[in-house]
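First comes the structure, then the notes that go with it.
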Ligand code: GDP
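Numbering (UniProt numbering), first residue to last: 1 to 356.
See the structure below:
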C-alpha cells in the first residue's frame, strides 16, 4: 500500500520525478540555447546585410512583449559595435510639401551613387489615426523596389518617447546592416521635429514658395533647427517664386545667431518631381559633414545626443514603470476623484502617489 502510494507520487506514465525534472531542465536549457542561437544568428545575418533578418529584429524592437524586448536588447548590444557609421538625415515639412516625392528622388540619387539608403519615419499621430507616414506602400514605389533601399513605416506607440526609442534602436540596426545613409521623415506633429532633430546629424526643412510660415504650419524654432532649407516644387510657373523665396530665406537666416557647429545654414531650391537641385542638396550635406568632421562638431553632437537619449530613456522608463503599477492605477483613480471634489490638491495627491 505504502509502496503503491509512493509510486503514484513518484511516477507519471512510467517516468520518475527526477526524470521529469531533468527533462524539464533539458527543455529549458534547449529553449535557452535556441533563443541564444536565434539572436546570434539574427545578429550575424544583419551584419551580412540580410534584410529579412533586419526586419525581424526591428519587429522585436517594436514589440510590446517583454520577451521580445529582451531579445531585441541582446541583438542591439551585438550590433552596436558595427553601428554609428552612417549619415543620419532628418527631413521635415508640412503635408503636401513633397516629402515622400523628395525622399524617393533623393533616395534614388543616392543609390545611384552606390549608397545604401534606409528610410524611417517618426509619426506620433499614426497610433491615433492608424494611417502612418510611409505606411502606404504606393508611396516611393521606385525606391521600394530598389535593392539598395530599405523603407520602414513609422513605429506606432502611445507616446512620442516610445516611438523615438524604437526609431533610435532601428537606426542602430540599419547601420549595422550596412546602410550608409539613414533618412528620417517626420510631419510637424507635437514635438516630433525636435525628436527627429535630436537623433540626426543633418536636419533638412522642405518648404514651399509663396506661402507664409503660418500658412505652412511652420512652428517657431523649426527654422533655427534647420541645417538647410530647400524650397521644393521649384518648377514650371513656380520657379520664379521659388528663387524669390530663396533670397528671402537666405536674408532671414543671417539674422539668426551662429550655430555651435560654425555651420551657416544654406537655402536652395529643388524640384523633386523633375529631379532638379537634388545633387546640390547632397553637395550641401557633404559640405556639412566635411566641415563638422574637421571641427569635431560631428562627434561632439552625436555624443550630446547619446547623453540626451540616456536621460530621455530613463524618464520614459520611470514614467511607464510608475503608471503601469496596478496599485498606482487604482490609487490614481481615487486621487483624481478627490481632486474633482476639491478634497485634495494636485501636489498633495502627487506626493501621496509617489510615496506609495
Ligand atoms: P508629402 O505629404 O510632404 O509627403 O508630399 P507628397 O510627396 O505626397 O507630394 C504632395 C504633392 O505634391 C503630390 O501631388 C506630388 O506629386 C507633388 N509634388 C511633390 N514634389 C513636387 C515637385 O517638386 N514639383 C511639383 N510640381 N509637384 C510636386
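Don't be surprised by glycine CBs; every beta carbon is placed ideally from N, CA and C.
According to DSSP, which residues form a beta bridge with residue i?
i: residue 181; result: 87 and 117
i: residue 92; result: 186 and 205
i: residue 276; result: 271
i: residue 109; result: In DSSP, residue 109 forms no bridge with anything.
i: residue 231; result: 207 and 269
i: residue 122; result: 186
Since residue i and residue j should fall inside the 8 Å C-beta cutoff, what is the C-beta to C-beta distance between them, to a whole number of angstroms?
i: residue 90; j: residue 196; result: 4 Å
i: residue 268; j: residue 209; result: Not quite, the Cβ-Cβ distance comes to about 12 Å (not below 8 Å), so this is no contact.
i: residue 111; j: residue 117; result: 6 Å
i: residue 98; j: residue 272; result: 5 Å
i: residue 71; j: residue 39; result: 5 Å
i: residue 42; j: residue 57; result: 6 Å
i: residue 54; j: residue 63; result: That belief does not hold up - the Cβ atoms of residue 54 and residue 63 are roughly 15 Å apart, past 8 Å.
i: residue 83; j: residue 176; result: 5 Å
i: residue 288; j: residue 351; result: Not confirmed; about 48 Å, so no contact.
i: residue 87; j: residue 201; result: 6 Å
Is it the case that the CB of residue i approaches a heavy atom of the ligand FMN more closely than 7 Å?
i: residue 84; result: Among the ligands present in this structure, namely the ligand GDP, the ligand FMN is not found.
Taking only runs of the beta strand (DSSP E) that begin and end inside the region 262-340, which ones reach a length of at least 3 residues, in chain order? 266-269
Which complete alpha helix (DSSP H) runs does the region 234-260 hold, if anything under 4 residues is left out? 239-253
Do three or more CB pairs link the region 260-278 to the region 291-302 at distances below 8 Å? yes
Taking 8 Å as the threshold, find out whether the region 154-164 comes into contact with the region 303-319 through three or more Cβ pairs. yes
Could you please go through the chain and list the residues whose beta-carbon is closer than 6 Å to any non-hydrogen atom of the ligand GDP? 93, 95, 96, 97, 98, 99, 100, 101, 232, 233, 235, 271, 272 and 273
Please specify which runs of the beta strand (DSSP E), each continuous and at least 3 residues long, are wholly inside the region 135-175, giving them in chain order. 149-151
Contact the region 276-294 vs the region 229-245: 3+ CB pairs below 8 Å: yes
Closer than 8 Å is the cut-off here; do at least three beta carbon pairs connect the region 278-296 with the region 100-109? yes
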